[in-house]
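This report refers to the structure that appears directly beneath it.
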Amino acid sequence: MSDCNTRIIAPSVLASDWAMLKSEIERANQSGADWIHLDVMDGLFVENISFGPQFVGAVRPHTELTLDVHLMITHPDRYISQFVKAGSDRITVHVEAEHDIAATLQAIRDFGKQCGLALNPATPFDAVVPYLDQIDLLLVMTVVPGFGGQSFMEEEAMPKVCAARNYREEHGLSYHIEVDGGIEQETVHIAGENGANVMVAGTSLFGAEDMAGAITAMRG
Ligand code: DX5
Ligand code: ZN
Numbered sequence: 001m002s003d004c005n006t007r008i009i010a011p012s013v014l015a016s017d018w019a020m021l022k023s024e025i026e027r028a029n030q031s032g033a034d035w036i037h038l039d040v041m042d043g044l045f046v047e048n049i050s051f052g053p054q055f056v057g058a059v060r061p062h063t064e065l066t067l068d069v070h071l072m073i074t075h076p077d078r079y080i081s082q083f084v085k086a087g088s089d090r091i092t093v094h095v096e097a098e099h100d101i102a103a104t105l106q107a108i109r110d111f112g113k114q115c116g117l118a119l120n121p122a123t124p125f126d127a128v129v130p131y132l133d134q135i136d137l138l139l140v141m142t143v144v145p146g147f148g149g150q151s152f153m154e155e156e157a158m159p160k161v162c163a164a165r166n167y168r169e170e171h172g173l174s175y176h177i178e179v180d181g182g183i184e185q186e187t188v189h190i191a192g193e194n195g196a197n198v199m200v201a202g203t204s205l206f207g208a209e210d211m212a213g214a215i216t217a218m219r220g
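The sequence shown runs 1 to 220 under our numbering.
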């Protein structure tokens, strides 16, 4: 289990060629990715609709990498067992969604999986403070969730990444700090300098000619 000071690179499958899913996952395996990030969207919590547990299950047999599942859905509590059965290793839910947050986080851990909490660019850091001692990962969104290919929202997100790192040190906690959206060769270093260690990237990795080279460069 990597600690929160290790830089982790997690390609986001949303940006891959879904018609070639097996070979895209194999490309990520061979390119030195640490985790595979899977964006689940319900068309209610976010504008877009992506995929569900069956898609995660399709990916599972083709990789040993950690499956980092990001639930951008309104009622995540209803689906935890299905995503666990599909092969998720980590499940992240949104603080803005409609559920008993502490209960959902506990349910993920009761299945023996790692739990994460995500907050959108417009959501203040204070909204997640009550839960920081119950999570393995904090996802600070660096775009408005729903679509890949957007621009990194530095002003909105970096102060929260800093605050999350300070809070973790002050309280002796050990959650990962993940950023997601608009992460590429420049912004990855800005995020790292502010305290993020898990870098989710879709367009800049699955869209890269040389994914292995892009991942190596992101490790800095
Ligand atoms: C957006 C997703 C991100 C997205 C990242 O809602 O959570 O994971 O796929 O895509 P890029 O790296 O293209 O911004
Ligand atoms: Zn995501």
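All C-beta atoms, glycine included, are put in the ideal place defined by N, C-alpha and C.
Proximity of the beta carbon of Ile183 to the ligand DX5 is indicated: a heavy atom of the ligand is located closer than 8 Å.
Counting only runs of 3 or more residues that sit fully inside the stretch 140-180, the beta strand (DSSP E) segments are 176-180, in chain order. With a cutoff of 9 Å on beta-carbon distance, Phe51 and Leu38 are scored as near each other. By the beta-carbon neighbour count (other beta carbons within 10 angstroms, threshold 16), Asp180 is buried. DSSP places Pro130 within a helical segment (H, G or I) once states are collapsed to three. Sequence-distant partners of Val93 (beyond 5 residues in either direction) whose C-beta falls short of 6 Å from its own C-beta, in its chain, are Leu71, Pro76, Thr104. Of the candidates Val144, Pro121, Val143, Cys115, the residue whose Cα lies closest to the Cα of Tyr131 is Cys115.
Counting C-beta atoms within 10 angstroms of its own C-beta, Ala19 has fewer than 16 neighbours from the protein chains shown and is therefore classed as exposed. Selection Phe147, Tyr175, Asn120 evaluated against Asn48 yields Phe147 as nearest (Cα-Cα). In the three-state DSSP reduction, Arg7 falls in the coil class, being neither helix nor strand.
The beta carbon of Ala212 lies closer than 6 Å to those of Ser31, Gly32 in the same chain, with the five residues before and after it left out.
Approximately 5 Å separates the beta-carbon atoms of Gly182 and Thr142; this is inside 8 Å, confirming the contact. In terms of side-chain proximity, the C-beta atom of Leu137 is found no nearer than 8 Å to any non-hydrogen atom of the ligand ZN.
Ranked by Cα distance from Tyr79, the first of Lys22, Arg60, His99 is His99. Distance from the CA atom of Ile135 to the CA atom of Ala163, rounded to whole angstroms, is 16 Å. Close CB contacts of Thr123 within its chain, under the 8 Å cut and outside five residues either way in sequence, are with Val95, Glu96 (chain order).
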